[in-house]
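The next block holds one structure in the form of structure tokens; read it before the comments.
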Amino acid sequence: MNYFCPEMTIREINQISILGLAHIGDGVYEVLTRTMLCMQGHSAVRELHKLTVSYVNAPAQAKAVEKILPVLTDDERSLYKRGRNARVNSVPQHANIGEYHAATGLEALFGWLYLQGKRDRINELFSIIMEDNDAS
């Protein structure tokens with residue numbers, strides 16, 4: 000089994016819980032953010048961590064969702080909604096329940112796309128999210 004950049008069938012992906020997809024998508028989103036920041040020339044570890052956290056948190060991800068909702072396909076929107084509506088056991092102190100649910104939906108979407116090997120689509124959506132967020 001290839002665990003790095005796997006390309007799974009929809010049937011295999013559907014066997015993973017929606018929160019499992021969000022767990023994978025959280026990692027994908029964080030790697031994209033860290034890569035973007037390093038490509039922008041940031042190199043101090045403390046600065047990288049602070050900037051990463053400013054993008055990879057529920058309030059920021061809830062805002063990110065608003066940017067991409069208009070361009071999601073029907074299947075992507077459906078998957079996002081499944082993630083958004085998933086029952087979660089706790090919410091971080093720095094986020095409200097709506098932000099946390101939106102962030103979970105975004106992460107589930109990124110996990111779902113990643114497992115299908117849709118890296119171009121992930122990059123397209125991430126680029127839309129980061130359009131007005133020049134951290135450099």
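According to numbering that gives the first Met the number 0, the sequence shown is numbered sequentially starting from 0. No residue lacks a Cβ here, since even glycine has one placed at the ideal position from N, Cα and C. Quick caveat: nothing in here was measured; it's all calculated off a predicted structure.
Residue i burial status per 10 Å Cβ neighbour count (16 or more: buried)
i, result
"M35", "buried"
"E98", "buried"
"Q60", "buried"
"A201", "Nothing about residue 201 can be reported from this structure: the residues present for the chain run from 0 to 135 only."
"R83", "buried"
"I128", "buried"
"T103", "buried"
"I67", "buried"
Other residues of its chain near residue i: CB distance less than 8 Å, five sequence neighbours each side excluded
i, result
"G19", "G110"
Contact set for residue i: own chain, Cβ-Cβ below 6 Å, skip 5 residues either direction
i, result
"V64", "A101, L105"
"T51", "T32, R33"
Under the three-state DSSP convention, the category residue i falls into
i, result
"H41", "coil"
"S16", "coil"
"S135", "At S135, the pLDDT of 43 sits below 50, so the modelled position is not reliable and the matter cannot be decided from this model."
"T8", "coil"
"E106", "helix"
"H22", "helix"
"A57", "helix"
"F125", "helix"
"K62", "helix"
"G82", "helix"
"K117", "coil"
"Y2", "coil"
Beta-carbon proximity list for residue i, same chain, < 7 Å, skipping 5 on both sides
i, result
"D25", "E106"
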